[in-house]
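Chemist: Counting the sequence shown from 1 gives a position; our numbering is that position plus 365.
Sharing a structure below in structure tokens format, with a few things to ask.
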Amino acid sequence: MASPAEPPAATAANLVQSVDWLAIAPPTLAAVVGLGVLVADLFVDRHKKALLGWVSVAGLAASALLLLPLLDGDRSTFCLTGDADACSYTADRFTLVIQFLVLGGALLAALLSVTTLKDADKRIPEGEYWFLLLSSAAGAALLPASRDLATLIVALEVASLPAFALVGIRHGDRKSSEAALKFFLSSVTATAVSLMGISFVYASTGTLYLTQVADRIQHVDGQLHTLAQTGVVLTLVGFAFKTAAVPFHFWVPDTYAGAPLPIAAYLSVVGKAVGFSGLILITVVALPSYADVWGPALAALAALTMTVGNVGALRQQATRAYSAVRLLAWSSVGQAGYLLVPIAAAAYSDDAERSVGSTVAYALMYAAVNLGAFAVAALVGRTKAANRITDYRGLYATNPLAALLLAFFLLCLAGLPPGIIGLFAKVTVFSAAVDAGLGWLAVVMAVNVVIALFYYLQWTTLLFRAPEGEPAGHRVPAPLTAALALTGVLGVALSGAPQLVLRFADTGLF
Numbered sequence: 366m367a368s369p370a371e372p373p374a375a376t377a378a379n380l381v382q383s384v385d386w387l388a389i390a391p392p393t394l395a396a397v398v399g400l401g402v403l404v405a406d407l408f409v410d411r412h413k414k415a416l417l418g419w420v421s422v423a424g425l426a427a428s429a430l431l432l433l434p435l436l437d438g439d440r441s442t443f444c445l446t447g448d449a450d451a452c453s454y455t456a457d458r459f460t461l462v463i464q465f466l467v468l469g470g471a472l473l474a475a476l477l478s479v480t481t482l483k484d485a486d487k488r489i490p491e492g493e494y495w496f497l498l499l500s501s502a503a504g505a506a507l508l509p510a511s512r513d514l515a516t517l518i519v520a521l522e523v524a525s526l527p528a529f530a531l532v533g534i535r536h537g538d539r540k541s542s543e544a545a546l547k548f549f550l551s552s553v554t555a556t557a558v559s560l561m562g563i564s565f566v567y568a569s570t571g572t573l574y575l576t577q578v579a580d581r582i583q584h585v586d587g588q589l590h591t592l593a594q595t596g597v598v599l600t601l602v603g604f605a606f607k608t609a610a611v612p613f614h615f616w617v618p619d620t621y622a623g624a625p626l627p628i629a630a631y632l633s634v635v636g637k638a639v640g641f642s643g644l645i646l647i648t649v650v651a652l653p654s655y656a657d658v659w660g661p662a663l664a665a666l667a668a669l670t671m672t673v674g675n676v677g678a679l680r681q682q683a684t685r686a687y688s689a690v691r692l693l694a695w696s697s698v699g700q701a702g703y704l705l706v707p708i709a710a711a712a713y714s715d716d717a718e719r720s721v722g723s724t725v726a727y728a729l730m731y732a733a734v735n736l737g738a739f740a741v742a743a744l745v746g747r748t749k750a751a752n753r754i755t756d757y758r759g760l761y762a763t764n765p766l767a768a769l770l771l772a773f774f775l776l777c778l779a780g781l782p783p784g785i786i787g788l789f790a791k792v793t794v795f796s797a798a799v800d801a802g803l804g805w806l807a808v809v810m811a812v813n814v815v816i817a818l819f820y821y822l823q824w825t826t827l828l829f830r831a832p833e834g835e836p837a838g839h840r841v842p843a844p845l846t847a848a849l850a851l852t853g854v855l856g857v858a859l860s861g862a863p864q865l866v867l868r869f870a871d872t873g874l875f
């Protein structure tokens, strides 16, 4: 705030901020294309609505390409006058890696959506669908760049609110509506808890900027110490909802089963990237001095989440409707537990950046292979609407390439050769726990990896058994082929050179 002696002209000059348009270009372009698609939907003939999908795919691809000029160095904008370290938006290495994951995941979900919308026979409004998907992607891309608590929450809600509508967007589908309602209620609760925690942190520190919070929260007045501690705990609880950590995971199976399959794939990857990047920024950047609070809490959550997720996946009945999607949903809960391990380890490690890098590396591996598994599920779902695990029996006989790809993706998720990238990612997370002195958590993780082997291998062997009855052929449309090819090539390439993931995931947060 300007002093009374400062002239009005100087005060006005201090309030003017220059905007680094290149830094904010990736999420901005996604948002602009989304608005353009929504307006164009009013004028495009209903027989040409498919063009909106390809425009959206091109927009997401262009947004991802805009990350390339930002690789030269860190860029920040919307900074406080006189304090270059207090900025609302920073495009550093961590930001770019997560934005690549988000925009790449959204692009693959968009490719799956092109085929899904065509098969839906007008039950899904295309203009609204693409607008919501692009809006959510824009918010998800904004979140890792957020460096103040207000922008963080706004980005989180911009990513989440369109996702509620996407889950329940199918006209006349009761299951879809129920899934959207459950997702909405759980997410709104998480937001309310997060806002309460952030308001307490702001009240005790007097700032929203993460770097300033990290400094000031160490010197909080004694009367506000309890308020600050409560704020930290509530903020962590709110983000635990977003990451689908146990016991805040109850919405995941029903939401994934009720949503259009591309949206389930989107939530499994981009939704997790949003939750975990926000959690990293809150814990490691804003609250490192409270590591003795969030470290043990996240370690306990990691152990509980991976155990409940894997046991839930193990209990899925192969003949139950949507059991394939439900297994992937429970598997994603288990994978969330693995992703929490390095963040918890950062509280105990002397090299917090390396620990966070392990989470980012694991997220990159998980994104590629999980989207690939959902792409094969989308292919099978075109002829088997119930998408049971038993529907995959004999897939090799009807579509050998799809069967081999799904087997490869499942082996990557299990951490078995030839899925070397999955094994590499798990070893990286395991070593982060051991190096931080969390041996007990590494043991829990090892036990859960063994549990997960059973249901992943059970599904894999089913692909190569003799089919029951007359095998049904699977015609693979071009967008679905592109999604399968991209995820397959990425998974195989990274399995050949897994060290590239860890090098790419060097966060540069500190």
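Glycine included, every Cβ here is placed at the ideal spot set by N, Cα and C.
Since Thr-620 and Phe-548 should fall inside the 8 angstroms C-beta cutoff, what is the C-beta to C-beta distance between them, to a whole number of angstroms?
Modeler: Rounded, the Cβ-Cβ distance is 4 angstroms, consistent with contact.
Chemist: Provide the residue(s) that pair with Tyr-574 in DSSP beta bridges, ordered along the chain.
Modeler: Asp-513, per the DSSP bridge assignment.
Chemist: Which of the three DSSP states is assigned to Pro-369 in this structure?
Modeler: Below a pLDDT of 50, predicted positions are generally treated as unreliable, and Pro-369, at 48, falls in that range; the measurement from the model is reported next regardless. Reduced to three states, the DSSP call for Pro-369 is coil.
Chemist: Taking the continuous alpha helix (DSSP H) assigned at His-590, which residues delimit it?
Modeler: His-590 -> alpha helix (DSSP H) spans 590-607.
Chemist: Under 8 angstroms: do the region 769-779 and the region 847-856 share three or more Cβ pairs, one atom per stretch?
Modeler: Yes, since at least three Cβ pairs between the region 769-779 and the region 847-856 fall closer than 8 angstroms, the two stretches touch.
Chemist: Using the three-state DSSP reduction, which class does Thr-455 fall into: helix, strand or coil?
Modeler: Strand at Thr-455.
Chemist: Threshold first: 3 residues or longer. Then list the beta strand (DSSP E) segments lying entirely within the region 715-749, N to C.
Modeler: Fully enclosed beta strand (DSSP E) runs of 3 or longer: not present.
Chemist: Determine the direct distance from the alpha carbon of Thr-648 to that of Val-814, and round the result to whole angstroms.
Modeler: When rounded, the distance between both Cα atoms is 26 angstroms.
Chemist: Using the rule of at least 16 other Cβ atoms within 10 Å of the residue's Cβ for burial, across every protein chain shown, is Gly-802 buried or exposed?
Modeler: The residue is exposed, with fewer than 16 neighbouring Cβ atoms inside 10 Å.
Chemist: Starting from Arg-877, follow its DSSP beta bridges and name the residues at the other end.
Modeler: Here the chain has residues from 366 to 875 only, and residue 877 is not among them.
Chemist: Are Ala-471 and Leu-425 touching if we call contact CB-CB under 7 angstroms?
Modeler: Yes; because the gap between Cβ atoms is below 7 angstroms, this pair is in contact.
Chemist: With a threshold of 7 angstroms on Cβ separation, who are the neighbours of Asn-752 within its own chain once the five nearest residues in sequence on each side are excluded?
Modeler: Cβ neighbours of Asn-752 beyond the five flanking positions: Tyr-687, Ala-689, Val-690, Ala-742, Val-745 and Gly-746.
Chemist: For a test of your reading of the model: does the CB of Tyr-567 fall under 6 angstroms from any non-hydrogen atom of the ligand GDP? Yes or no.
Modeler: Absence of the ligand GDP is noted for the structure shown, with no ligands found whatsoever.
Chemist: Any idea if Ala-568 is buried or exposed, counting beta-carbon neighbours within 10 angstroms, 16 or more meaning buried?
Modeler: Exposed, because fewer than 16 other Cβ atoms sit within 10 Å of the Cβ of Ala-568.
Chemist: State the DSSP-derived secondary structure class of Arg-440, mapped to helix, strand or coil.
Modeler: Strand, per DSSP.
Chemist: Rounding to the nearest angstrom, what Cα-Cα distance links Gln-682 and Arg-458 in this structure?
Modeler: Each residue's Cα considered, the two are about 43 angstroms apart.
Chemist: I'd like the list of long-range same chain contacts for Phe-613, defined as Cβ closer than 6 angstroms, with 5 residues on each side in sequence excluded.
Modeler: If we look at Phe-613 and ignore the five residues flanking it on each side, its Cβ neighbours are Ala-605 and Phe-606.
Chemist: Taking the Cβ atom as the reference point for each residue, do Ala-545 and Gly-533 lie within a distance shorter than 7 angstroms?
Modeler: Taking 7 angstroms as the Cβ cut-off, Ala-545 and Gly-533 qualify as a contacting pair.
Chemist: Out of curiosity, what's the CA-to-CA distance linking Pro-527 and Ser-500?
Modeler: Between Pro-527 and Ser-500, the C-alpha separation is close to 7 angstroms.
Chemist: Of the residues Trp-495, Gly-674, Leu-436 and Ala-629, which one's Cα is nearest the Cα of Arg-615?
Modeler: One detail in the question is off: residue 615 reads as Phe in this sequence, not Arg. Measuring from the Cα of Phe-615, the nearest candidate turns out to be Gly-674.
Chemist: What residues in its chain sit with their C-beta under 6 angstroms from that of Val-558, if we drop five residues either side in the sequence?
Modeler: Taken in chain order, the residues that qualify are Leu-599, Val-602 and Gly-603.
Chemist: Taking Cβ to Cβ, would you say Ala-772 is nearer than 7 angstroms to Leu-828?
Modeler: Taking 7 angstroms as the Cβ cut-off, Ala-772 and Leu-828 qualify as a contacting pair.
Chemist: Can you tell me whether Asn-675 is helix, strand or coil according to DSSP?
Modeler: Of the three classes helix, strand and coil, the one that applies to Asn-675 here is helix, per DSSP.
Chemist: May I ask which residues mark the beginning and end of the alpha helix (DSSP H) holding Pro-765?
Modeler: Counting along the chain, the alpha helix (DSSP H) containing Pro-765 begins and ends at 765-779.
Chemist: For Val-799 and Ser-478, I'd like the C-alpha separation in whole angstroms.
Modeler: Roughly 41 angstroms between the two C-alpha positions.
Chemist: Beta-carbon within less than 6 angstroms of Ala-474's beta-carbon, same chain only, minus the 5 sequence neighbours each way: which residues are those?
Modeler: Cβ neighbours of Ala-474 beyond the five flanking positions: Pro-627, Ala-630 and Tyr-631.
Chemist: Closest to Val-467 by C-alpha separation, out of Ile-489, Ala-429 and Ser-441, would be which residue?
Modeler: Of Ile-489, Ala-429 and Ser-441, the residue nearest in Cα terms is Ala-429.
Chemist: In chain order, which beta strand (DSSP E) runs of at least 3 residues are fully inside the region 640-669?
Modeler: DSSP runs (the beta strand (DSSP E)) wholly in the region 640-669: none.
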